[in-house]
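As structure tokens, the structure follows; a few thoughts come after it.
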């Protein structure tokens, strides 16, 4: 089974014990201590012996795997989308949806959408920020 070898080294160092002293205290062979600290693999009996030597709960020695961080890539898409007083949209709702759905079929999803119209001094375009997860 796997244990947190860094914790074993830290607990041993906090007590200023050598590997040999930990071996004597726990009743384990020094080679076993070296293997545990290097590889983090241990039998249940050795795990119990270490927990007793450090006076901690046996589950405190369990290896806790950190969840992998997700990575994303981003892309921006600019569409003319000018709606104002008495103006027709350069891109209708159907074309707008169709353009975004094309990206969605490639795994992109909408992260942010900003729409500015020329009526209020905007650019008359919609900017869509798309994201998709990078699978490694």
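Residue numbers (the working numbering): 138 to 273. C-beta atoms are modelled at their ideal positions from N, C-alpha and C, and glycine is treated no differently. For clarity, every value in this text was computed on a predicted model and none was experimentally measured.
Residue from the options with nearest C-alpha to residue i
i           : options               : result
residue 240 : 217, 252, 251 and 211 : 211
residue 263 : 249, 272, 273 and 270 : 249
residue 271 : 236, 235 and 208      : 208
residue 178 : 189, 192, 154 and 144 : 144
residue 156 : 235, 187, 139 and 181 : 187
residue 146 : 181, 202, 172 and 204 : 172
residue 148 : 197, 139 and 176      : 197
residue 233 : 244, 252 and 243      : 252
residue 152 : 204, 192, 176 and 236 : 192
residue 176 : 139, 238, 166 and 164 : 139
Residues sharing a beta bridge with residue i, DSSP
i           : result
residue 263 : 216 and 252
residue 199 : 140
residue 246 : 268
residue 162 : Per DSSP, none; premise fails for residue 162.
residue 178 : 139
Under the three-state DSSP convention, the category residue i falls into
i           : result
residue 211 : strand
residue 193 : coil
residue 205 : coil
residue 88  : Because the chain is modelled from 138 through 273, residue 88 falls outside the range shown and cannot be assessed.
Nearest-angstrom beta carbon gap, residue j and residue i [assumed within contact, 8 Å]
i           : j           : result
residue 169 : residue 183 : 6 Å
residue 194 : residue 141 : At roughly 13 Å, the Cβ-Cβ gap does not stay under 8 Å, so residue 194 and residue 141 are not in contact.
residue 189 : residue 159 : Not really, about 12 Å apart at Cβ, beyond 8 Å.
residue 216 : residue 247 : With 8 Å as the limit, residue 216 and residue 247 do not qualify as a contact, their Cβ atoms being about 12 Å apart.
residue 213 : residue 150 : The Cβ separation is near 50 Å, so there is no contact.
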